[in-house]
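Its first residue numbered 376, the sequence shown is counted upward by one per residue in this note's numbering.
Here is the structure we will look at, set down as structure tokens.
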Amino acid sequence: MTDPSRATIAELRDLVVSGRMSASEICKAHLGRTRAVDDRVKAYRSVLERQALAEADAVDRARRESRPLGPLAGVPIAVKDVLCTQGTPTTCGSRILENFVPYYDATCVARLREAGAVIIGKTNMDEFAMGSSTENSAFEVTRNPWDLTRVPGGSSGGSAAAVAAGMVPAALGTDTGGSIRQPAALCGVPGLKPTYGRVSRYGLVAFASSLDQAGPFGRTVADVARILQVIAGHDPLDSTSAPEPVPDYLGGLERGIAGLRIGVPKEYFPAGLDAEVHGSVRAALAAAERLGASIDEVSLPHTEYAIPTYYIIATAEASSNLARYDGVRYGLRAAGAPDIAQLFRKTRNAGFGAEVKRRIMLGTYVLSSGYYDAYYLKGQKVRTLIRRDFEDAFRRVDLLITPTTPSAAFRIGEKVDDPLAMYLSDIFTVTINLAGLPGMSIPCGLTRDGLPIGAQIIGPRFGEDVVLRAAAALEGAMQFRDRHPPLPR
Ligand code: GLN
């Protein structure tokens, strides 16, 4: 019998469709696994037990009544707590939204439900998706299932940890500068940030609107493709979602990578790169070569400006987006304020954590008159240069492969007092958001300490199909799938 806590989406759906296991039983198995391990991992903000069982029941009823079953029928999925879920709290990891209950679903959540998925819970995250470790959550720190003393990465750390710990076969995260790929790498699961505009941002609580994008984590590359298939595509409710047709991601998955030209950007393999990370990513490249791809060195010369550019643009947009939390329209309202200015001040002071305040101040500064040209405008220009680096590279190659992160999971507490060190954990991922490209992390090895290492596959705009194809080929070659975190069964 398939162990539902290790099964793929295809296996779970087959169980439901064939009647060998009901959606309710599958849901209960995942809830049971969650009860057994989540007091240690702390991936979830809220487990939607009653609602999930009701949704699973609806799938079982549909089957009994011979109604058509969607591509995710009965598949439990966890959703990062920054994506709105109708009638259930959506906190964004922040005190200021602690009691916020949206009255609508984010489009990507609605599409999951239409496909028959069972939304099983909302996952922990860094406050407003600002961070790389989940330590900026106002509520709890999620732990890395491979080593509970280490971070799962962030900001979608809860989603990555839930998948890695076998609590759910797939989850949604969001990625503004690395928040899907970095935790995917640190937790040893595949995770994909789609092209900007590929997935609707409607109902995704905004951090930096020109960078934010939602995407899937899964147990396998094929599962990531299955989820993307459901959530991708134009949405009239988000004017930045692209009207591009959605290809058949799953259909092309087995085509292999023979003949593909893979670029290796030399700036992503700096002299000080962690030796184990370097070794594992090189092994992935060697595997790609054995599968018939060609490997060429390329250069992305503006890479060194990526982190400052990202932290100017992202904070500028955040300072503007987060102006809406004023104690009047959403969530928290500070008591006892004598006038409206005091109400804003007290609410924001009580509701936001230190990192969010730091970003709002930075963003307000770079947008302020007198500094706008020197910082924000300059940042936009450098962003164009970074984007052009990629356009040039993609004239020569089909894909790029880099490490996802400069090191494996760091210890809880190690970087909390050093924001710059924390920001540097996204050094290989932020460029892809600045350029608006698709990027995916796949596990490519373990350190001697048993911590996962991720390789990042970057594609041209709307090239998710090629990215997934390469990921599937490498997944087969790297044989990581049989490795599991040392958690009790
Ligand atoms: N870690 C980066 C930041 O703190 C990226 C976050 C994200 O992608 N949401 O901004």
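All C-beta atoms in this analysis are idealised placements derived from N, C-alpha and C, irrespective of residue type, glycine included.
Just so you know, these numbers come straight off a predicted model, no measurement behind them.
By the three-class DSSP mapping on this structure, what secondary structure does I494 have?
Correct three-state label for I494: strand.
Let me check understanding here. Comparing Cα to Cα, which of C819, R630, D456 and P794 lies closest to R733?
Taking only the C-alpha atoms, the option nearest R733 is P794.
Nearest residue (CA-CA) to E430, options K417, L447, I735 and A418:
Checking every option, the nearest Cα to that of E430 belongs to L447.
Can you tell me the Cβ-Cβ gap for L666 and G634, rounded? I've got them flagged as a contact below 8 Å.
Their Cβ separation, rounded to whole angstroms, is 10 Å, which puts L666 and G634 out of contact at 8 Å.
Let me check understanding here. Comparing Cα to Cα, which of V621, D792, T595 and D764 lies closest to A810?
Nearest C-alpha to A810 among V621, D792, T595 and D764: D764.
With 16 other Cβ atoms within 10 Å as the buried cut-off, status of N499:
Result: buried.
6 Å Cβ shell around T517 - same chain, five flanking residues per side excluded
Result list for T517: K417, A418, N499, T509, P527, G532, G533 and A536, in chain order.
Would a check of beta-carbon distances place T806 closer than 8 Å to chain B?
Protein chains in the displayed structure number just one, and chain B is not present.
Nearest to P827 (by Cα), restricted to the options D456, E440 and N519
P827 has its Cα closest to that of N519, out of D456, E440 and N519.
Skipping 5 residues on each side, what residues in its chain have a beta carbon closer than 6 Å to that of M815?
Contacts found: L567, I832, V842 and A846.
May I ask you to report which of helix, strand or coil DSSP gives F592?
The answer is strand: DSSP assigns F592 an E or B state.
Can you tell me which of the three DSSP states T509 falls into?
Three-state DSSP puts T509 in coil, outside helix and strand.
Using the C-alpha atoms, what's the distance from D598 back to S383?
Here residue 383 is Thr; the residue named in the question, Ser, does not match the sequence. T383 and D598: Cα-Cα distance of roughly 7 Å.
Any idea what DSSP makes of L558, helix, strand or coil?
Note on residue identity: the sequence assigns Pro, not Leu, to residue 558. In the structure shown, P558 sits in a helix (DSSP, three-state: H, G or I).
The ligand GLN and F582: does any heavy atom of the ligand fall closer than 7 Å to the residue's C-beta?
Checking every heavy atom of the ligand GLN against the Cβ of F582, one is found closer than 7 Å.
Check whether the Cβ atoms of A693 and F582 lie closer than 8 Å to each other.
Yes, they are a contact pair.
Quick check on the DSSP output: what are the complete alpha helix (DSSP H) runs of length 4 or more inside the region 664-741, in order along the chain?
Fully enclosed alpha helix (DSSP H) runs of 4 or longer: 681-696 and 715-726.
For the alpha helix (DSSP H) that contains C402, what are its first and last residues?
Per DSSP, C402 belongs to the alpha helix (DSSP H) from A398 to V416.
Roughly how many angstroms separate the alpha carbons of P569 and V596, rounded to a whole number?
Distance between the alpha carbons of P569 and V596 is about 14 Å.
Can you name the start and end residues of the alpha helix (DSSP H) that A796 belongs to?
For A796, the uninterrupted alpha helix (DSSP H) run begins and ends at P794 to Y798, by DSSP.
DSSP on C819, reduced to helix/strand/coil?
Of the three classes helix, strand and coil, the one that applies to C819 here is strand, per DSSP.
Chain-ordered list of residues that sit, by beta carbon, closer than 6 Å to a heavy atom of the ligand GLN
Any residue whose Cβ sits closer than 6 Å to a heavy atom of the ligand GLN makes the list: A504, M505, G506, S507, S530, D550, T551, G552, G553, S554, F582, A689 and D801.
Can you list the beta strand (DSSP E) stretches of 3 or more residues lying completely in the region 518-574, in chain order?
For the region 518-574, whole beta strand (DSSP E) runs of length 3 or above, ordered along the chain, are 545-550 and 566-568.
Please report the residue range of the beta strand (DSSP E) in which Q831 lies.
Boundaries of the beta strand (DSSP E) harbouring Q831: P827 to I833, taken from the DSSP string.
Inter-residue spacing [alpha-carbon to alpha-carbon] between P860 and G702:
So the two alpha carbons sit approximately 42 Å from each other.
Report, in whole angstroms, the separation of the C-beta atoms of F327 and P778, which I expect to be a contact under 8 Å.
There is simply no residue 327 to check, as the chain begins at 376 and stops at 864 in what is shown.
Can you list, in chain order, the residues of its chain whose CB lies under 6 Å from that of S530, leaving out five sequence neighbours each side?
Excluding sequence neighbours, S530 sits near M500, D501, A504, G506 and S554.
Helix, strand or coil at G851 [DSSP, three-state]
In the three-state scheme derived from DSSP, where H, G and I count as helix and E and B as strand, G851 is classed as helix.
Cα-Cα separation, A646 to A663:
Taking the straight line joining both Cα atoms gives about 23 Å.
Strand pairing of P640, partner residues [DSSP]:
DSSP lists V673 as partners of P640.
Quick test of the definition: if touching needs 3 or more C-beta pairs under 8 Å, does the region 484-491 touch the region 605-624?
Using a Cβ-Cβ distance cut-off of 8 Å, the region 484-491 and the region 605-624 are in contact, since at least three pairs of beta carbons, one from each stretch, lie closer than that value.
Please report the distance separating the alpha-carbon of L472 from that of E515.
Across the structure, L472 and E515 are spaced so that their CA atoms are roughly 15 Å apart.
In this structure, does DSSP put T804 in helix, strand or coil?
Assigned with DSSP and collapsed to three states, T804 falls in coil, not helix or strand.
How far does the alpha helix (DSSP H) with V450 in it extend, from its first residue to its last?
Per DSSP, V450 belongs to no alpha helix (DSSP H) and is neither H nor E.
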